[in-house]
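Single-structure report; data block below.
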Amino acid sequence: MSVNAKWLQVIVDEDEPRPRLNTVTSCMTLCDIKCDNYVRLIAADIALEDEPTATLKIFRGTTLHTELKLNGIPAAVQSFYSDESEPKTPIIAVAIAESVLFFRNLKPYFKYTVPGLGAEELERDLWLKLPTVRVEQQPALVESLRSIERPKMSRKSQKLIQLSQEEQNEFILKYADATVMRHPNIVALGCLERISSDVNPPSHLVIATDNGDILVLEPQSFGLIYQAKTCDYETVPSMIAVHGTYETDFRIVIATRYGGVYLLRKSVKEGQEIFKISHPFTGLMLLPVDQTITVCAMDCRLVCYSKKGKQLYVNKLPALPMCMIPITLPHLGLTLCCVALEGGLVQLYLQRYLVNEFHMVSTIGAMCFGRTGHEDYVLNMVSVEGEIFVKILKRTAAFDPSELLALKGNVESKAMVETILEKSKKSSIFVEQAAREKQNAKTTYGAFQAELWRLRYVAARATVDAINSSESTISGDITHAPVKLSAEVCGIGPEFRLYLTIQNMSSYKMASNLTVLLHADRRHYTLNKSMAKLPSILPGVPLKIDFEIVAVLDPNLKLPPHTLTIENSQIRVMLLKARQTKPLIAAVIAMPQSEANV
Amino acid sequence: MGMFKKISTFFKNKSEKVTILVIGLNNSGKSTIINHFKSPHEQAAITVPTVGFSLEQIRSEGVLFTMVDTSGAWRYRSLWEHHFKNCHGIIYVIDSSDRMRLVVVRDELDTLLQHPDLVNRSIPILLYNNKVDCEDSLSSVKIAAALGLHNIVDKPWHITPSNAVTGEGLEDGVHWLVQQIKSMNSNNKKLKR
Ligand SMILES: Nc1nc2c(ncn2[C@@H]2O[C@H](COP(=O)(O)OP(=O)(O)O)[C@@H](O)[C@H]2O)c(=O)[nH]1
Ligand SMILES: [Mg+2]
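The following block contains the structure:
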């Protein structure tokens, strides 16, 4: 099927040694590390045998090129550019425990350590006492150290309580004077790119720590320039998604281990909870276009929320999601959501529509998408067994929801046909029912009327919901070209002129088959023309259209009717697309008070 | 390079024009190869990635060779097909060291062979297995197998290893291509009579 012909699978030679890699999505990045225009995959290989170790591996295509030993298990790896000077050398940031190590040309270049936190009072007191008491009394004190929660304990104490009693005294004497400090651990990294005409602009590094701190580092000096809290109480972030630039405005979405998702803006120093779910997250995404937040969680659901926390849609996933990444295709003007599921299925969603899926031989545990080698759109995948798979997007691939929708639609209409029960009119059930209806004509009629009203009510409510849900000035449905509506009311009344400007925000799609519909209370406003079919709107060329609105005034009093209040002096504008029941945009225009006719 | 001097003697009719389309993925060495065909004083020391396409005309003994140097970057590959109609031969350049993109090379070749402007034409295709000097380059035999070249039966094709930097192997390939075009021309003339 054409749906599956969107990707080319890179074939790896059978007799070649196949590198293995055990990693997670946050520890994978793509970077032109040698400055030779060849973008390499860089990933932290984490070995969890008896002694956990990690190495930074650099791949050329699918072959391993360089390895670098790391002195700890990284939580995240990011690559970015730090300055504008030529030749541009990328920096690799590796977050290990409380520090970020910066590598340049594969050499350690800088180390940033997050601000330390004061230790608990109890712990500090114990460390004052420990070197002074006799050796026999030490175990008791060490025992009381254990009452402190592990994450709140300094590393020094953590080490101490792991030691055997014989070793403890020596350790205490050795580290008696060292400060009792604890450091939060880094859990996630992100990058805020500077706006620039350059393809590789410098970025601010965003750091999330396990005590809920969000830090932003300056690109060149790696100095701390912004610090905020995830929320007003202590929580543990697990994933972050960032958007914007540090200089103007940015948004950081933080998902926590406890299922909360918080939004942090530049202007505030504390995030706001936008929604909460009861299952652990496996993926978080902030869509750049419409600023919606998509999460996938262990309840096999892919849920999209608005920035205000309103649930926009839910996609049921056929299996447990392992990881999720955004796939941005600028040439199509789309960002797809790519979810790898347990069992090897990988699905791509465009908003609520499944647009593509493919099967891998085993479960994919980590993914990374972007320019790799000399090719622009490459999906690098690592299975949970450690095998690397590479897929390249076909040049001709397009992701049209109608393609799969048409398939789905067929299934639905078939189901409809099947639900109509086959029943002969002369069956005994029919005859009996007809007789019963004759006997109880009154109640039958009453029941029918009640149900009819209920149906009308449900329909009316659905209509109101549909109109309210598209209440914005930019159309949200990205299966069509996004359009923007702005309005201007001119005149002092009773005759007004309403100017509407409709703009096509897409860069390549035409917005066609659009109709504008105005709706106003007939007692208050008279519209000569309330509907207008629009010509096709090209990207970048706004369309202006005007309507005449006459406010109704009492012919004697020259005053508006008493039912007109400030709240209801409004006109609804709806932008409709042919063959689509839900309006693209529904906006309300507040009308100014009308002057009497002179 | 006296290569074209030699080749152009094949063509009896001195006013003949031959257009050769040079395609291949970005960074495969197309511009470097064309650079080699130019006369020494026109040669550029370094190649920069081509944007869109550029025409290089090489006139030799009255025969005008037009080399269409295309860009192999993702967004420009769709422009290749516009040149199919008016070309007499195709040079497809392959970076033999870029193993990851061999599937893309094959996909683009398959798309090309099925294009309406080429599908019924017996146009000669020369494949340069370029960058053979690179350490992880694949042999022509392996490339031919990976691309499924043996399935091409209606068009003459030829694969030859090359090193565009030194010029090694380029002459052999062009020699084959020009002979093919020449025999095709004489066949056409026979048919006309
Ligand atoms: N080692 C090696 N490098 C080559 C060869 N051919 C081209 N290159 C290099 O590959 C790069 C891209 O070449 P270019 O001609 O611009 O590729 P194009 O995008 O196909 O036009 C340049 O840096 C060339 O020097 C070759 O045979 N061997
Ligand atoms: Mg070029």
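Chains A and B, in that order, give the protein sequences.
The first sequence begins at 1 in UniProt numbering and counts up by one.
The second sequence begins at 1 in UniProt numbering and counts up by one.
Cβ coordinates follow ideal geometry from the N, Cα and C atoms, glycine included.
Everything numeric in this text was worked out from a predicted model, so none of it was measured.
Distance from the CA of A:Q449 to the CA of A:R395, rounded to the nearest whole angstrom, comes to 58 Å. For the region 100 to 112 of chain B, the set of positions with a beta-carbon nearer than 9 Å to some beta-carbon of chain A reads M100, R101, L102, V103, V104, R106, D107, E108 and T111 in chain order. Using a C-beta cut-off of 8 Å, the region 191 to 211 of chain A makes contact with the region 75 to 85 of chain A, since at least three inter-stretch Cβ pairs fall below that distance.
Against B:D98, the close residues of chain A are G61, G373 and H374, in the order they occur along the chain (beta-carbon pairs closer than 8 Å).
Judged by beta-carbon spacing, B:G89 lies beyond the 7 Å limit of B:G24, meaning their Cβ atoms are not closer than that value. Rounded to whole angstroms, the gap between the alpha carbons of A:R60 and A:L30 is 11 Å. The beta carbon of A:I502 does not come within 7 Å of any beta carbon belonging to chain B, so the residue lies off that interface. For B:N27, at least one C-beta of chain A is nearer than 7 Å to its own C-beta. Per DSSP, the unbroken alpha helix (DSSP H) holding B:L112 starts and ends at L102 to L113.
Under the three-pair Cβ rule at 8 Å, the region 221 to 229 of chain A does not count as touching the region 165 to 181 of chain A.
Below 8 Å, too few C-beta pairs join the region 335 to 344 of chain A and the region 252 to 270 of chain A to call them touching: fewer than three. B:R101 and A:G370 have their C-alpha atoms spaced approximately 14 Å apart. Chain-ordered, the chain B residues with CB closer than 7 Å to the CB of A:L8 read V103, V104 and D107. Burial is judged here by how many other beta carbons sit within 10 angstroms of a residue's own beta carbon; A:D249 has fewer than 16 and is exposed. For B:G148, the three-state secondary structure derived from DSSP is coil. Straight across, the Cα-Cα distance linking A:A140 with A:P184 is about 28 Å. Rounded to the nearest whole angstrom, the C-alpha separation of A:V187 and B:T111 is 46 Å. Within chain B, the C-beta atoms nearer than 7 Å to that of A:V390 come from M100, in chain order. For A:R395, at least one C-beta of chain B is nearer than 7 Å to its own C-beta.
Under DSSP, A:M574 takes part in a beta bridge, and its partners are A:L517 and A:A586.
Residue environment for A:W127: buried (at least 16 other C-beta atoms within 10 angstroms of its C-beta). Boundaries of the alpha helix (DSSP H) around A:I161: R155 to Q162.
For the region 319 to 348 of chain A, the residues whose beta carbon sits under 9 Å from a beta carbon of chain B are, in order, H331. From the listed residues A:I492, A:L101 and A:C300, the smallest Cα separation to A:G72 is found for A:L101. Separation of A:D13 and B:S96 (C-alpha to C-alpha, rounded to the nearest whole angstrom) is 14 Å. Burial check for A:H524: the Cβ neighbour count within 10 Å reaches 16 or more, so the residue is buried. For B:S78, the C-beta contacts it makes with chain A under 8 Å involve R395, in order along the chain. For A:I11, the residues of chain B that pass the 8 Å Cβ criterion are L102, V103 and A146, in the order they occur in the chain.
Relative to the non-hydrogen atoms of ligand 2, the Cβ of B:K30 comes within a distance shorter than 6 Å of at least one.
Of all residues in the region 111 to 125 of chain B, only T111 place a beta-carbon less than 9 Å from a beta-carbon of chain A. Counted as a single uninterrupted DSSP element, the beta strand (DSSP E) harbouring A:D213 occupies residues D213 to L217. A contact is defined here as three or more CB-CB pairs under 8 Å, and the region 124 to 137 of chain B fails this definition with respect to the region 48 to 59 of chain A.
Membership of A:L126 in the alpha helix (DSSP H) is indicated by the continuous run E121 to K129. In this structure, the straight-line span from the alpha carbon of A:P482 to that of A:I537 is close to 11 Å. By a beta-carbon distance limit of 8 Å, A:T245 contacts A:L192. Their separation comes to about 6 Å. Among the CB atoms of chain A, one or more fall inside 7 Å of the CB of B:W74.
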